[in-house]
Amino acid sequence: MWLLGSSGCSPTLDWRELRGPINGVRVSLPCRPAVMKREPRIAGRALPMAVHVCETAGTTWAVGWVHPIEGADASQVQAALLLAAASNLGMADVPRQTEWQPRSGRAQAKGLRIELQGRLPDGTPVRSLVGAIALQAGVVQLTAIGRAPDPDAVAVFFESLRLQD
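Anchor point for the sequence shown: position 127 equals 300 in the working numbering, and the numbering is continuous, going up by one each time.
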């Protein structure tokens with residue numbers, strides 16, 4: 174269960190901290206999230222995923238968490254989640270990935286980020302920034318998607334992820 178805590182506010186962005194089901198994982202969202210359940214298909218199987226999502230300033234913000242599945246390590250789940258994000262915008266492949274190192278006490282925790290340009294199913298053009306980090310206990314995915322997500326807010330969002338031992 175994610176716990177909410179307030180960590181600052183502005184007229185549009187009301188940052189609040191979430192503490193995730195993986196021990197020591199914290200991240201901030203710029204609005205009050207609702208919890209949704211998804212089941213992305215990974216290695217041919219539906220995988221339960223809890224997603225905390227909110228919308229503000231023309232951008233949808235989401236933090237998802239999923240356990241690895243038997244027969245697949247967390248890095249395989251990480252890659253599958255990034256491919257699913259690209260596929261959701263009509264892309265056949267994941268574009269160039271960049272390494273993303275969250276602030277962490279866990280040296281082995283390395284994430285990947287992608288930037289996507291595509292269209293929603295209704296044809297709306299969007300830009301999406303997606304990051305996924307593979308941990309032994311699961312994968313955490315951060316997503317910001319909208320017509321033009323604010324670069325400063327996106328930076329705060331991604332930099333807010335904390336992994337503590």
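Cβ coordinates follow ideal geometry from the N, Cα and C atoms, glycine included.
A quick note: this is a predicted structure, and the numbers were derived from the prediction, not measured.
Alpha carbon of residue i to alpha carbon of residue j, nearest angstrom
i           : j           : result
residue 271 : residue 285 : 6 Å
residue 326 : residue 257 : 24 Å
residue 312 : residue 263 : 23 Å
residue 343 : residue 187 : This structure cannot speak to residue 343, because the chain is shown only from 174 to 338.
residue 208 : residue 191 : 12 Å
residue 329 : residue 234 : 12 Å
residue 243 : residue 249 : 11 Å
residue 282 : residue 331 : 14 Å
residue 215 : residue 259 : 14 Å
residue 183 : residue 229 : Confidence in residue 183 is poor, its pLDDT being 46 and thus under 50, which makes the residue's placement unreliable; the coordinate value appears in the next sentence. One C-alpha to the other measures close to 12 Å.
residue 255 : residue 295 : 21 Å
residue 273 : residue 337 : 16 Å
residue 185 : residue 324 : 15 Å
Residue closest to residue i, alpha-carbon to alpha-carbon, out of the options
i           : options               : result
residue 269 : 262, 288, 275 and 315 : 288
residue 267 : 275, 273, 274 and 252 : 252
residue 315 : 246, 198 and 216      : 198
residue 226 : 210, 240 and 215      : 210
residue 202 : 236, 215, 214 and 230 : 236
Proximal residues to residue i (C-beta, below 6 Å), its chain only, five neighbours per side dropped
i           : result
residue 232 : 317, 319 and 322
residue 240 : 311
Own chain partners of residue i with C-beta closer than 7 Å, once the 5 adjacent residues on each side are dropped
i           : result
residue 212 : 219, 220, 221 and 222
residue 293 : 299
residue 309 : 247
Anticipated Cβ contact below 8 Å, residue i with residue j, distance rounded
i           : j           : result
residue 193 : residue 238 : 6 Å
residue 200 : residue 333 : 5 Å
residue 189 : residue 275 : In fact, because the Cβ distance is near 18 Å, the residues do not count as touching under 8 Å.
Same chain, Cβ closer than 8 Å to residue i, neighbours up to 5 away in sequence not counted
i           : result
residue 246 : 307
residue 297 : 320
Is it the case that the region 204-220 contacts the region 301-316, given that we only count it when at least three CB pairs across the two stretches are under 8 Å? No, the region 301-316 is not in contact with the region 204-220.
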